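Since the structure comes first, as structure tokens, the remarks are kept for the end.
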Amino acid sequence: EALLANLKDKVYLQKLLLRWESERGDNEGGIRSSDSQVLEGLCPPRNLKELTIRDNLGDQPPSWMKEQHQLSVVELYGCSYWKCLPPLGQLPLLKRLVLSGAKAVKKVGKEFFCVSEHSSRRSEDAFPHLNYLSISNMDQWEGWDYRPVGRVFPSLQVLDLH
């Protein structure tokens, strides 16, 4: 059904809110697997400007997030079982990032900064235009697991941690 929505062809779509019912409960594999598949199938057009995902119980972010180069706002709330954050570090227009309730994330590593083992991007700035970053309710978070060579958050004006 998610594929039938055919979001990628909605070329005039600028903002997208993907919200799951927060009071569903969790039957371990069933809902989590379904949530991951549905989210992966809801691939938006590449010219999307703002994306909000709420209460997705899947275990990982969708692979299409790294291809959304026009995003200026990303807000992720209550994605409690995601074990890693999406690769957003090289999105050239990203200005606002809210991460709240990613309770399964323990370390934030190179995947978040969009750097692979053999990447030539190591010296580029990560999150070059991000000016607002809010991180909250990440109960298991132990810290950063990567130190980029380039600058990180060079345009940051507001940092909200709680």
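Residue numbers (the UniProt record's numbering): 1 to 162.
Built from N, CA and C at the ideal position, the CB exists for glycine as well.
Source: prediction; values computed, not measured.
Alpha-carbon to alpha-carbon, residue j and residue i
i, j, result
"residue 164", "D160", "Since the displayed the chain opens at 1 and closes at 162, residue 164 lies outside it and no answer follows."
"R93", "R46", "Correcting the residue type first, residue 93 is Leu in the shown sequence and not Arg. Near 13 Å, if we compare the C-alpha coordinates of R46 and L93."
"W20", "L156", "30 Å"
"D59", "S36", "7 Å"
"residue 170", "L48", "Here the chain covers residues 1 to 162 and nothing more, so residue 170 does not appear."
"L7", "I53", "15 Å"
"H69", "Q140", "29 Å"
"P44", "G143", "31 Å"
"P148", "G89", "11 Å"
"S34", "W82", "14 Å"
"S80", "G150", "30 Å"
"Y12", "C84", "30 Å"
"L57", "L71", "23 Å"
Cut-off 7 Å between Cβ atoms - residues of its own chain near residue i, not counting five sequence neighbours on either side
i, result
"P154", "D125 and P128"
"A5", "L42"
"E75", "T52 and V98"
Nonlocal neighbours in the same chain, by C-beta distance under 8 Å from residue i, ignoring five residues either side
i, result
"S63", "E40"
"S116", "Low per-residue confidence applies at S116: pLDDT is 49, beneath 50, and the placement is therefore not dependable, though the value from the model is reported in the following sentence. Taken in chain order, the residues that qualify are K110."
"N131", "K95, R96, S155, L156, Q157 and V158"
Contacting residues, own chain, Cβ-Cβ under 6 Å from residue i (five flanking each side not counted)
i, result
"P87", "K66, E111 and C114"
"S134", "V98 and D160"
"V38", "A2"
"E50", "K15 and V73"
"V152", "A126"
"N137", "S100 and G101"
"D145", "K107 and G109"
Reduced DSSP secondary structure (H/G/I, E/B, other) of residue i
i, result
"K83", "coil"
"E111", "helix"
"S116", "Low per-residue confidence applies at S116: pLDDT is 49, beneath 50, and the placement is therefore not dependable, though the value from the model is reported in the following sentence. Three-state result, S116: coil."
"K15", "strand"
"A126", "strand"
"V105", "coil"
"E75", "strand"
"A5", "helix"
TODO: Please list the segments of the alpha helix (DSSP H) lying wholly inside the segment 28-63, counting only runs of 4 or more residues, in order along the chain.
DONE: 29-41, all fully within the segment 28-63.
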